[in-house]
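These protein sequence lines map, in sequence, to chains A and B.
Each residue of the first sequence is one higher than the one before, starting from 14 at the first, in this note's numbering.
Each residue of the second sequence is one higher than the one before, starting from -15 at the first, in this note's numbering.
All C-beta atoms in this analysis are idealised placements derived from N, C-alpha and C, irrespective of residue type, glycine included.
See below for the structure under consideration.
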Amino acid sequence: MDLVVSELAVARGGMPILAGVSFALAPGSTLVLRGPNGSGKTTLLRTVAGLQPALSGRIEGANERIAYSAHADGLKAALTVAENLDFWAAVFGGGPIAPALDAFDLRGLAARRAGHLSAGQKRRLGLARLMVTGQPIWVLDEPTVSLDAASVALFANAVRGHLAGGGSALIATHIDLGLEADVLDVTPFRALANAMDSVDEAFL
Amino acid sequence: MRALLVRDLRLALRAGGGFGLGLAFFLIVVVLVPFSVGPVPDLLARIAAGVLWLGALLACLLSLDRLLAVDWEDGALDLLATSPLPLEGVVLVKAVAHWLTTGLPLVLVAPVLGILLNLSEAGYVPVVVSLALGTPALSMIGAFGAALTVGIKRGGLLLSLLVLPLYVPTLIFGAEAARRGAAGLDASTPMLLMAGITGCVLALMPFAAAAVLRVNLR
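The following block contains the structure:
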């Protein structure tokens, strides 16, 4: 099933920032979002993930099929790497965590506390979480922050594996992951700032 | 949901999880009360049930601001909200975990601390039963308050102000049941009323808490 977004408008802090965004994401494909800082990539991703309501427009095919990953990884410093992954695997219905540990080269760290990992290792653990969710659509916000070149390659491989298994990915990123991907620049969709005032004006 | 419960219990018991904070506070309050009111056994016996209830309530309040704030700060709450778990269930499980790590230990040490307050012999069972029935409501109401203040830095003060009035009915009936029991009177009416409040809170509050959490996560 495709993820179809049509004529979507999103707001942050009460200000509309994107309007008229439309795209479709078929199984096995990747869509990369680009745009300068503050252009609304994160807000668009949060809306697609269901964390905030859209101002207008429709999102179809996203319900309960999304694994979302943002700037914060949601790791518990007091739990070990394996315990963190086991928890998310159980929440999402329990896949084995071994493939995820291998894909992100975390095998040797499995018994370490997440609080003792470096920033890049934490990020790898956060991304490994995606693999244990078993969700078909990955919605990723700047997934390569604090990753070195080798880890970016691991991540790109994981995404390729996910696509080969019929999954799809929606990624906001600035670097070239070396993936076959469509690119959507969100800059042209910038919303007019007064688009939201219309309702209030009736009462002023 | 069981995985979430196990994780929360594990986090509470590991270093830095804050387990024992409420217990230590409860102990301090109850130990200091005889020093502040003076060595009058009759007076202590009269106020013992009320002091135990008040101490338990304040100890419960102390740990509420970490109930959801920790998960919010590290992003886990966003990820839980996008997971297949219903948010109502997430809030309920977090309240249960809070009760198991804060409320239940308070219930269990209350009889021991009752000795320090010269609690009458007839009072032990009513105090423990009323605390066991009432503290789950304190945790669940607290989870609602935590959901209301989740995005606010240092929201502890606001949380306390919001939650205190909601705690009043539980405190009134709980302390009354314990006091009547300690005085050798029939405590079943306040006990039943308090159990009813706890039942209502457990049935309704998860929905209210999940609704405000959805707004706060935007």
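Assigned secondary structure, residue i (DSSP; H/G/I helix, E/B strand, else coil)
i: A/E20; result: strand
i: B/E24; result: The sequence shown places Val at residue 24 of chain B, not Glu. In the structure shown, B/V24 sits in coil (DSSP, three-state: anything other than H, G, I, E or B).
i: A/F36; result: strand
i: A/D99; result: helix
i: B/G126; result: helix
i: A/D115; result: helix
i: B/G39; result: helix
i: B/R(-2); result: coil
i: B/A(-13); result: helix
i: A/R47; result: strand
i: A/L192; result: coil
i: A/P201; result: helix
i: A/S181; result: strand
i: B/I31; result: helix
i: A/A215; result: Note that A/A215 scores 47 on pLDDT, short of 50, meaning its location in the model is unreliable and no value can be drawn from it.
i: B/R202; result: coil
Rounded straight-line distance, which links the Cα of residue j to that of residue i
i: B/L141; j: A/V158; result: 35 Å
i: B/D(-8); j: B/K78; result: 7 Å
i: A/D219; j: B/G39; result: There is no way to answer for residue 219 of chain A, as the model of chain A reaches only from 14 to 217.
i: B/V91; j: B/V112; result: 6 Å
i: A/A215; j: B/T119; result: With a pLDDT of 47 at A/A215, under the threshold of 50, the predicted position of this residue should be treated as unreliable, though the coordinate-derived value follows. One C-alpha to the other measures close to 48 Å.
i: A/N50; j: A/A127; result: 29 Å
i: A/D15; j: B/T66; result: 19 Å
i: A/L130; j: A/A123; result: 11 Å
i: B/V134; j: B/W56; result: 7 Å
i: B/S114; j: B/A81; result: 20 Å
i: A/L88; j: A/R47; result: 27 Å
i: B/W37; j: B/L155; result: 7 Å
i: A/F100; j: B/L41; result: 31 Å
i: B/G34; j: B/G107; result: 11 Å
i: B/S20; j: B/I31; result: 13 Å
i: B/L64; j: A/F105; result: 10 Å
i: B/L103; j: B/P89; result: 19 Å
i: B/G4; j: B/I125; result: 20 Å
i: B/V93; j: B/G139; result: 29 Å
i: A/R25; j: A/L57; result: 10 Å
i: B/L(-5); j: A/A90; result: 9 Å
i: A/G13; j: A/R203; result: Chain A is shown from 14 up to 217; residue 13 of chain A falls before or after that span and cannot be answered.
i: A/P109; j: A/I184; result: 25 Å
i: A/D198; j: A/G139; result: 26 Å
i: A/T55; j: A/A166; result: 23 Å
Residue-level contact to chain A via CB, residue i, 7 Å cutoff
i: B/R202; result: yes
i: B/P68; result: yes
i: B/R(-9); result: yes
i: B/L5; result: no
i: B/R163; result: no
i: B/R50; result: no
i: B/A203; result: There is no way to answer for residue 203 of chain B, as the model of chain B reaches only from -15 to 202.
i: B/A194; result: no
i: B/L63; result: yes
i: B/A(-13); result: yes
i: B/R138; result: no
i: B/L207; result: The structure shown does not extend to residue 207 of chain B, since chain B is modelled only from -15 to 202, so the question has no answer here.
i: B/L(-5); result: yes
i: B/R(-2); result: yes
Neighbour flag for residue i against chain B, beta carbons, 7 Å
i: A/K135; result: no
i: A/K89; result: yes
i: A/L16; result: no
i: A/L64; result: yes
i: A/E77; result: yes
i: A/F168; result: no
i: A/F100; result: yes
i: A/A85; result: yes
i: A/A103; result: yes
Residue i beta carbon near the ligand ADP (any heavy atom closer than 6 Å)
i: B/A94; result: Ligands displayed in this structure: none; no statement on the ligand ADP is therefore possible.
For the 8 Å Cβ check, are there 3 or more pairs between the stretch 96 to 112 of chain B and the stretch 159 to 168 of chain B? yes
Using a Cβ distance threshold of 8 Å, determine whether the stretch 136 to 156 of chain B contacts the stretch 84 to 96 of chain B, with at least three qualifying pairs required. no
Contact between the stretch 129 to 137 of chain B and the stretch 35 to 51 of chain B is defined here as three or more beta-carbon pairs at a separation below 8 Å; is this criterion met? yes
Can you give, in chain order, each stretch of the alpha helix (DSSP H) that sits fully within the stretch 136 to 198 of chain B and has at least 4 residues? 140 to 166
Closer than 8 Å is the cut-off here; do at least three beta carbon pairs connect the stretch 7 to 26 of chain B with the stretch 59 to 66 of chain A? no
I want to know whether the stretch 181 to 200 of chain B touches the stretch 64 to 77 of chain B - three or more CB-CB distances under 8 Å. Yes: the two stretches touch, three or more of their Cβ pairs being nearer than 8 Å.
If contact is defined by three or more beta carbon pairs under 8 Å, each pair taking one atom from either stretch, is the stretch 172 to 192 of chain B in contact with the stretch 22 to 34 of chain A? no
Completely contained beta strand (DSSP E) runs for the stretch 119 to 160 of chain A, where each covers 3 or more residues: 150 to 154
Counting Cβ pairs closer than 8 Å, one from the stretch 71 to 83 of chain A and one from the stretch 145 to 155 of chain A, do we hit at least three? yes
Can you list, in chain order, the stretches of the alpha helix (DSSP H) that have 4 or more residues and sit fully within the stretch 43 to 109 of chain B? Whole alpha helix (DSSP H) segments, 4+ residues: 50 to 57, 60 to 65, 71 to 82 and 88 to 100.
Inside the stretch 53 to 106 of chain A only - alpha helix (DSSP H) runs reaching at least 4 residues: Segments of the alpha helix (DSSP H) lying fully in the stretch 53 to 106 of chain A: 54 to 61 and 94 to 104.
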